[in-house]
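This report concerns only the one structure given below.
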Amino acid sequence: MMRDSLLMPALIIASVIALVAACFLGSTALPADRLLSALFGGANAGDRLVVWQIRLPRAIAAYIVGAALGISGAALQGLLRNPLAEPGVLGVSASASLMATFSLYYGIATITPWALPIAAIIGALTATAVITIAALRTQSVVTLILIGVGLSSFAGAAMSLLMNLAPNPFSLSDMINWMLGSVANRSFDEIRLAAPFILAGGLILFATRRGLSALTLGEEAASGIGLDLRRQRIATVVGAGLATGGAVALAGAIGFVGIVAPHIIRPFVGHDPARSLIPSALLSGLILVVADIFVRLIPTSSELKLGVVAALIGAPAFVWIAMQRRAGND
Amino acid sequence: MTELTVKNVSVHADKSMLVDDASFALARGEFVALLGPNGAGKTSLIRAAMGLQDVSAGQRLLGGADVTTLSPAERARQIAYLPQTRPLAWPNSVRDVVSLGRFSHGAPLGRLKGLDAEAVDRALQACGLSDLATRKTNTLSGGELARVHCARAFAAEAPLLIADEPIAALDPRQQFRILDLIKSYVDHGGGALVVLHDIQLAARYASRMIWMKDGRIVADGPPADTLTPDRLKDIYGVTARIEGTQIFIEGAV
């Protein structure tokens, strides 16, 4: 097994390599010398356009969306003490993308560019709060997952309703983009709108990570050793809501990433939820950037959606993790 | 002198009375056993005493201060608590779980330093876990796990300890081991309040016994004074004979 101290450097190096590779690869081949000079402001206008307006923002968008979902997944898993908790599974992403679609559909998004991320975050916070209130009443994780399924189904149904009523095929394809999740054609402007929320959520989660370690002992013993349970719940819900909402505002609903990365990271950090946050964020970002490179390279008639690819990888992993859990663990 | 004092505390849940006008004190150097049938209100009483449960009446003082005015961390530094159910969400190492006992001192898992690391080492040593420190908790037996939880509580090095049924579901040898650990904690100046269902063991270890029934404390005193056949009949509804330190429970009334 890799030593713990090598985990972070390895993830950082891999992330940088993936981001650079994402700038290399694409429909137009870009040799290394041209890529480098384009990155540092040289080269011709065409190369600079490809790198700075298309490939780099897209790669960075994929990375921070992944990081936001990864840190939210790791934190929610710590809070709910379950490896199956994740913004997508718990219906948080779907609720956020429903609200985002809503703001697009009713033209609220045209009032101010902040309307879209804020709508997505309201959706995310509402769903996270419902899950947490349910978690207070029941110790059964199965119940929580079922509530998440319910939230997802409801958001899906409301989304279908909106599609049903869609005035023209353009708004229809817009909505499908939100439901499926994609980082195609993202610009630095869109990143700038989502990044503050993702950053704020990430910082809240990071600042309150110790409480997640305490929750390893269960809620009763965690309060016994001095954890302020109420504060911890609020902080994790708000943090995960902000980060997930920001991610959805940028890329739509991308599920299951937040479940795969923490699962891989846990053994390296002694299964401590607090220590898993940052590595999970880095690994999730890495996974999405790599998945997005595949999305761009796979020669299909219409480009695959990133969220579809993420679910194709993540959903089987979810089933596998669920099957690994022994009965009586709930 | 750190002391926990509970004065005329009542706890209600919806309309039922869980604890009714209960008063007791726990001081350092005492081994107090809390006894009573299931549903007598023992857990509600100790949770209320620590301020983990809201009360409908009464006062809880810890070292002279109202527990509700203390932060969770301040309270945790004075009372270590071993709850009845002790789920472990993740397969952490034994040392990491025991390290959580230092949570209220602000120590992060995996990077304990100085006093925190020493306290954890002492607790591991005291509970005979030094050799198991790197083991994952999901590979341990029930008896080993019980000692891990004890070590976690001891690692806080709090002056008081409240343990809710720490020996339930353990074999006789492990029961003695756990109670010996708590006894040695008391001998070193700690004060322990322990919920027990084994009357024989309670009488053997405790310096005082608090007897509860239907939410009320019906007796509080040394085993010699409070442990009588009539008491067992009243509290548990069993007929019993007591010969010296031996208790023979002969059946239900």
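Protein chains in written order, with the UniProt record's numbering: chain A, 1 to 330; chain B, 1 to 253. Yeah, the Cβ is synthetic: ideal placement off N, Cα and C, and Gly gets one too.
Taking C-beta atoms as the reference points, residue 6 (chain B) and residue 206 (chain B) fail to come closer than 8 Å. Scanning chain B for C-beta atoms nearer than 7 Å to the C-beta of residue 213 (chain A) yields 100 and 109, reported in chain order. A distance below 8 Å separates the beta carbons of residue 94 (chain B) and residue 137 (chain B).
Proximity of residue 263 (chain A) to chain B, defined by a Cβ-Cβ separation below 8 Å, is not satisfied.
Residue 125 (chain B) sits in a helix when the DSSP states are folded into three classes. Of the candidates B:66, B:148 and B:86, the residue whose Cα lies closest to the Cα of residue 78 (chain B) is B:66. Between the alpha carbons of residue 74 (chain B) and residue 228 (chain A) lies a gap of roughly 11 Å. In this structure, residue 142 (chain B) lies away from residue 123 (chain B), with their beta-carbon atoms at least 8 Å apart.
Taking 8 Å as the threshold, the shortest C-beta distance from residue 225 (chain A) to chain B falls below it. Contact annotation: residue 11 (chain B) and residue 4 (chain B) have beta-carbon atoms that are not nearer than 8 Å. Proximity of residue 211 (chain B) to chain A, defined by a Cβ-Cβ separation below 8 Å, is not satisfied. For residue 21 (chain B), the uninterrupted beta strand (DSSP E) run begins and ends at 16–27, by DSSP.
Counting only the Cα atoms, residue 252 (chain B) lies some 15 Å from residue 36 (chain B). Out of B:212, B:211 and B:201, the CA that lies nearest to the CA of residue 248 (chain B) is found in B:201.
Residue 221 (chain A) has a beta carbon lying within less than 8 Å of a beta carbon in chain B. Along the stretch 77–92 of chain B, going in chain order, the ones with a CB nearer than 9 Å to a CB of chain A are 77, 79, 80, 81, 82, 83, 84, 85, 86, 87, 88, 89, 90, 91 and 92. The beta carbon of residue 53 (chain B) sits closer than 7 Å to the beta carbons of 11, 44 and 47 from its chain, once the five residues preceding and following it are set aside; these are given in chain order. Positions of the alpha helix (DSSP H) runs, each at least 4 residues long and wholly inside the stretch 147–207 of chain A, are given as 169–180 and 188–207 in order along the chain. Here the C-alpha atom of residue 77 (chain A) lies approximately 39 Å from the C-alpha atom of residue 27 (chain B). Between residue 119 (chain A) and residue 99 (chain A), the C-beta spacing is below 8 Å. Here the alpha carbon of residue 41 (chain A) sits roughly 10 Å from the alpha carbon of residue 35 (chain A). Fewer than three Cβ pairs drawn from the stretch 260–270 of chain A and the stretch 192–208 of chain A lie within less than 8 Å of each other, which leaves the two stretches out of contact. Note: residue 5 (chain B) is bridge-paired with B:25 and B:61 in the DSSP secondary-structure output.
Listed as beta-bridge partners of residue 211 (chain B) by DSSP are B:35 and B:219. When DSSP states are grouped into helix, strand and coil, residue 103 (chain B) belongs to the helix group.
Annotation for residue 144 (chain B): the continuous alpha helix (DSSP H) segment containing it runs 142–155.
Listed in chain order, the non-local C-beta contacts of residue 170 (chain B) below 8 Å within the same chain comprise 142, 143, 146 and 178, local neighbours out to five positions each way being set aside. Within its own chain, the residues whose Cβ lies closer than 7 Å to the Cβ of residue 56 (chain A), once the five positions on either side in sequence are excluded, are 23, listed in chain order. Against chain A, the CB of residue 13 (chain B) has no partner CB under 8 Å away; the residue lies outside that interface.
Spatial neighbours of residue 220 (chain B) in its own chain (CB-CB distance under 8 Å, excluding positions within 5 residues in sequence) are listed in chain order as 24, 208, 209, 210, 211 and 226.
Put simply, the CB of residue 25 (chain B) is far from chain A, with every gap to its CB atoms at 8 Å or more. Under the DSSP definition of a beta bridge, residue 168 (chain B) lacks any partner. Within the DSSP secondary-structure output, residue 66 (chain B) pairs in a beta bridge with B:61.
At the C-beta level, residue 258 (chain A) and residue 72 (chain A) come within 8 Å of one another. Chain A places no beta carbon closer than 8 Å to that of residue 166 (chain B), leaving this residue out of the contacts. Secondary structure at residue 79 (chain B): strand, using DSSP grouped into helix, strand and coil.
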